Each structure stands twice: as structure tokens, then as C-alpha cells.
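In the numbering used here, each residue's number is its place in the sequence shown (first place is 1) plus 573. Where a beta carbon is used, it is the ideal one built from N, C-alpha and C, also for glycine. On a predicted model such as this, the values are computed, not experimentally measured, just so you know. Heads up: the structure comes next, in C-alpha cells.
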Amino acid sequence: MMKILKLYSTPQVFTPISFTSGVNIIFGETSFESKKTNGVGKSICIEFINFCLLKRYSESRLSKIPSSSFAQDTEVCLDFTIKNKNITIKRTIENQKNPTMIIDDVVYEDYNIDEANKYLSNLMFGTLDYSKAPSFREMLGLLARDERSEFKSIIKYYDTDKNIPENYSPHLYLLGIDTKLYNEIKLIYKEISDLKKIKSKAKKDIESITKNTFENASAELNDLKGQITAIENEINLLENFEGNSIVRDDIIKLETEIECLRSRNKVLKHEFSKISFFDGDNYIDENELEEIYNQFKNGLGDFIKKDLQEVISFKKKIDLFKNSLFDNKKNSLSKEIKSIENQLKTLDKEYKKKLIIIDKHGVLKNLKVTISAYQAKVEEQSLLAGFMELYTKADDDMKSKKIEKTNQTSLFDLLVTDAEPNILSLESQILKLHKYIMGNEKSSLKVEVKDKAQIVFYDFRTFEDGGHSINREQVFLYDVGLLLSPNSQELHPKLLIHDNLFHVDQDTLVQSLNYLYENSNLMQDKQYILTLNRDKLSEKNLEELMFDLDDYAVASLTKTNKFLGIHYQEI
């Protein structure tokens, strides 16, 4: 269904690699100059393939190649087919979001990476509804596992440093299980998670308002309602009193008038205190005046003819006049202050009488303060009731979603049960591989549905579980099992890429390769691309192989013949 034909570049910066059906091996080899087989470019070669197959640049190891080592405008090109359509994708680093697509000789340059992914998804799966089938890139994530996944799990195929949630969609699709319901359940779990956050936030807000624990919130709300009712009753005493509008207006008018008079009285008293500062005979000392007078007289000569006593006499007249003015002002202020204080006494008496008229229970002390307190309590009640309503609604919605989730999970369980023949077909294929490679059939695969956030659980057992080498062999058994399982042939893209998977013991490696050779008839319409260091195999191992490795070699890379032909340090 999908087949890679050729990887190349424009201009040519690496030797083009052509691929065929069946097994294609990219070798890392020793040379006379170096016995090392790592760092020769095998993984970068696979990354270039993935780059052309729309892997995001930020997630690719190409982003770690220094720009000085690889021109940003170099076109990386890949020829491949999907369902008999001939496709070429050309992509540059400098314009990595806008690949050029050539489909059956028609050039499309206006696709962005997401649109290109949609086109290839529709071509491969016949739908753009990602709830029914995985996207093109989701499927390629499984078919071309990231080497940095370290092949620790058959389910997780992304870089272990990235916290990417498990995605069972590609796995389920290849087993013929409709992924729509699975994705709907995932969405329900997300909605439940969001509702939990809403509940948690509402709970904190409720506790902040009540200054009490959440469990006492209802009691606090009832108490608040009681307080508001009491204040409303106080206000209603005024509202229900005959002539209440007149009394209320009088009270407000009195309060306003009292406030104005108190303010005026405060100003007058301040002015009075300033004038009092100049109280008494504040005459200048005669000796000082005489000294100043003589200085001026010497300076002005005949212009000043008056004697000193005349000056002093004139000064005293001025002071007396000034004191007279101050006294008059003080008397005026004193009278006004006294008048205001008398008015305040009268108004206070009248104000108290008005309050006595309307406040029979001795509760309502100030109409403005009471109304203000009422508004504050109503606002507090509104906030508290709002948050409690939000919490209750979120709680009810969450209960409803949990019921929906349980029901949908039960339906999904039926779908998995219906797909049991496909699961058994995969298990049977895995057992064939396991017996050939491990020498026994002590292996099993179970797919279970549980009412938990993970939803699906794959229980895959082999003769020896755990360990770096065994985990990698489990991935090989599972991936090749899916590729060869008779029941997955209609759905599988029939492409598989493994980069540096075979860090396993030599016997397992030999047996794995021999199985592929012995079942090459099953690989005729499929494609398996793998990278392999030739020094993983000893002379004895090579003798145990049933075929010549070079018959399947599509590229041989060494320290002196690297994929990109240069040495660089990843950034």
C-alpha cells in the first residue's frame, strides 16, 4: 500500500539511495581507517526519510545539524507510492513548513505541512476524520519508531525525553478496531479532568470567601442568607412605615446637613487656632528698632527726618489696628462656631427622634450604613452562591460524564471482543516468530479494555520479559507480527522502518534475519527498511546466516564514507 522508492537531494549532498520491496538494509561498516560503525549517518538517513514524510523539523534530528554543515536551501527529496499514486515530496530546512508535493506529475506548492498531512491521511485511510482513523503522521510514528524511544515499549514509539501520552489509535486501527469510540472516550476523560479542575478552583474560591472549610459552605451560605433577611427586615421597617418616604428623606437630609456642618465647624476651628497664634502685644523691641532705624538713617541721609519715637509710635498704632482686626475676626469665628455647634445639637436631637420613630427594635442605627452593609452581604452571597452553583454543576456534569464514560467503555469493550479474531491472528504470527527465534511458543498477547484513563491495556509476554535486549526483540516480534499477520493485510500500509533496533544478542539477531529470509515470499508486497552495524555479526554468525547480507544492502556507510560526507557536531 505504501512503498519508498528513492531518497536524494538537490543539489546532491549525499549519494542517492534506492529502495525495493522486501528487506532493505542500511549498513554501518568498518573501514581501514576506523573500526567504528556508529556516527556514520545511518540514523540521519532515516531522519531524512522521516523529514520528507512530514515529520516536524523541531522534532527531527535534522534540527541538530549546524547550518554551516548543511545548506538550509538544500532540497531533500523522497519518491514513494501510496495506493499506486506516485508521490514526490521535496522539503528544505529554510522552508520546512511548506513542502513541495508532486503527485502523478502534478506539482503542488501551496500545501503547508498540516495540509499535506491531511492529503496523505485521506489517501492512505480514505478519511479525514481522525476520530475514525489515525493521521498519516500518527501511523508513521508507529511504522518508523523514533530511535530515541529506545524501543522500551511496543506502545510508546516517541523520544523518551518527551512526555508524549500513549496513543493506541494506530495499534487499534491495524487490529481492525474502530478508533472513533476510543477517541471519544479519551475526550470524555479530558472533559472529566477539566471538570475536576473547575471543581478544585471553585472549592478554593468558596473556602476563601467563607474563611471556613468547604464542608461548612452550605451552613455559611444559610447563615449569610439569614443575615441578609435580618437586614432586609430592618429596611422593611422603614419601607412599611406610613409616611416612610418623608421620614427616610428627612433622615438622609439630616445626615447630609450634619456632615456639612461638622465639616464647616472643623474648618472654622482650624482658622480660629491660626489667628490665636498672634494673640497679645507682639511689638518689636525698641532697642532693636533703634538700631535698625539708625542704619537706615545713615544710608538715606536727609530723606529721613522723623525721629525714632515717631516711628515707634506709628508702629504701635499699626499693631493696635491689626490686633483690633484679629479680635474682630476671632469674635466673628467664635460666634459662628458656637452657632454651628448649637445647630448640630439641635440636628442631632432631631436625628435621634427620627431614628426612634422608625427603629422600634433598636437595630437600625444609620440608614446609609445599613443599605451599604446590605449590598455587601448580597454581593458576598451572590459570589458564594455562584461558586457553589459552579461546583455543583461541575460535580453533576462529572457524574454524568463518568456514567457516559463507563457506558462508552462497555461498548468499546464489545468492539475489542469483536476484533478477537484479528488479535488471535496477530498472536499466532508472533508465536511463529517467537518459536523460530526463541525456540518455543512461550509468548502471549492480550488486549484488554478497562474503565481507567488508559482505556486499553496490551499485555504482551515473551519467554524472557524485561531487559534492554528483550524489549527490543519484543518490538521486533510485535511490529513484524503486525506486518505479516494475515488479518491486518487490508489495513497495514505494509511499510516498516527500524533504526538501530538490533542491539540484541547475536543469536537472536541471526535468527531474526533468517526468519525474514525464509519468509521472503511474505515480504514481496511489503517493505522493511532497517539499519544495522555489520560488526554486530561475527564470522561465525555470518556463516549461520542463510543468505548473503550484501544481497539486501541499499547503502554501506563508514567513517570515511559518511552519509553526508562530512563530520559535524550536533547542536
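Candidates D1123, H1065, P1066 and S1111: closest to Y1090 by CA position: That would be D1123, whose Cα lies nearest to the Cα of Y1090.
Identified DSSP bridge partners for F1030: DSSP output for F1030 lists E1021 as bridge partner(s).
Cβ distance (whole Å) where T673 is taken to contact K663 below 8 Å: Yes, T673 and K663 are in contact; Cβ-Cβ is about 4 Å, under 8 Å.
C833 classed as buried or exposed, judged by whether at least 16 other C-beta atoms fall within 10 angstroms: When all chains shown are included, C833 counts as exposed.
E1112 in three-state terms, based on DSSP: In the structure shown, E1112 sits in a helix (DSSP, three-state: H, G or I).
Three or more C-beta pairs below 8 Å linking the stretch 1039-1057 and the stretch 1123-1136: As far as the Cβ criterion goes, the stretch 1039-1057 does not touch the stretch 1123-1136, which means the pair count is below three.
Residue range of the unbroken alpha helix (DSSP H) whose run includes Y741: Y741 -> no alpha helix (DSSP H), and no H or E assigned at all.
Opening and closing residue of the beta strand (DSSP E) in which G601 lies: Taken as a continuous stretch (DSSP letters only), the beta strand (DSSP E) holding G601 covers G595 to G601.
G714 versus K1008, N1094 and L1068, residue with shortest Cα-Cα distance: The candidate whose alpha carbon is nearest that of G714 is L1068.
Inter-stretch contact (C-beta, 8 Å, three-pair minimum) for the stretch 633-644 and the stretch 671-689: Here the stretch 633-644 makes no contact with the stretch 671-689; the two share fewer than three CB pairs at distances below 8 Å.
Stretch-stretch touch, CB-based, cutoff 8 Å, three pairs: the stretch 1028-1035 with the stretch 1091-1100: Between the stretch 1028-1035 and the stretch 1091-1100 there are fewer than three C-beta pairs closer than 8 Å, too few to call the two in contact.
Start-to-end residues for the beta strand (DSSP E) that takes in D652: DSSP places D652 in the uninterrupted beta strand (DSSP E) bounded by E648 to I655.
Those runs of the alpha helix (DSSP H) which lie wholly inside the stretch 952-1023 and span at least 4 residues: Entirely contained in the stretch 952-1023, the alpha helix (DSSP H) runs reaching 4 residues are, in chain order, 993-1011.
Which of helix, strand or coil DSSP assigns to S773: For S773, the three-state secondary structure derived from DSSP is helix.
DSSP-derived helix/strand/coil call for S694: Helix.
Beta carbon of Q669 nearer than 8 Å to that of Y731: Against a cut-off of 8 Å, the Cβ pair of Y731 and Q669 comes out as no contact.
Host alpha helix (DSSP H) of N623 (start-end): N623 -> alpha helix (DSSP H) spans K615 to C625.
D1072 vs E720 beta-carbon contact at 8 Å: Yes; because the gap between Cβ atoms is below 8 Å, this pair is in contact.
Check whether L754 and L984 have beta carbons under 8 Å apart: In this structure, L754 sits near L984, with a CB-CB distance shorter than 8 Å.
DSSP three-state assignment for S1129, whether helix, strand or coil: Three-state DSSP puts S1129 in a strand.
Length of the line joining the Cα atoms of K975 and L716: Near 34 Å, if we compare the C-alpha coordinates of L716 and K975.
Nearest candidate by alpha-carbon position, reference I758, set N980, F592 and D991: It is N980.
Alpha-carbon spacing of N1013 relative to L1004, whole angstroms: Going by the C-alpha atoms only, they are around 8 Å apart.
N659 (DSSP reduced to helix, strand or coil): Looking at N659 - three-state DSSP - the assignment turns out to be strand.
Continuous beta strand (DSSP E) stretch holding I1070: start and end: Note, I1070: beta strand (DSSP E), L1068 to H1071.
Outcome for M971 when other beta-carbon atoms lying within 10 angstroms are tallied against a minimum of 16: Burial of M971 is indicated by the presence of at least 16 other C-beta atoms within 10 angstroms of its C-beta.
Residues bridged to M674 (per DSSP): BP columns for M674 point to I662 and Y681.
Alpha-carbon to alpha-carbon, I622 and T752: Those two C-alpha atoms are separated by around 27 Å.
Per DSSP, cross-strand counterpart(s) of N1106: Under DSSP, N1106 shares a beta bridge with G601.
Residue span of the beta strand (DSSP E) that contains Y581, given as start and end: Here the beta strand (DSSP E) through Y581 covers M575 to T583.
Nearest-angstrom Cβ-Cβ length linking I771 and A967, presumed shorter than 8 Å: Confirmed, Cβ separation roughly 4 Å.
Cβ neighbours of E667 in the same chain (closer than 8 Å, five flanking residues each side left out): Residues Q645 and D646 of the same chain have their beta carbon placed closer than 8 Å to that of E667, with the five preceding and five following residues left out of the count.
Simplified DSSP assignment, three categories, for A717: Here A717 carries a strand assignment [DSSP, helix/strand/coil].
Rounded separation between F709 and I655 - CA only: For F709 and I655, the distance between alpha carbons rounds to 11 Å.
Cβ distance (whole Å) where F787 is taken to contact K798 below 8 Å: Contact flag wrong, Cβ pair sits at about 18 Å.
One or two residues paired with Y1101 in a DSSP bridge: Its beta-bridge partners are V596 and L1069.
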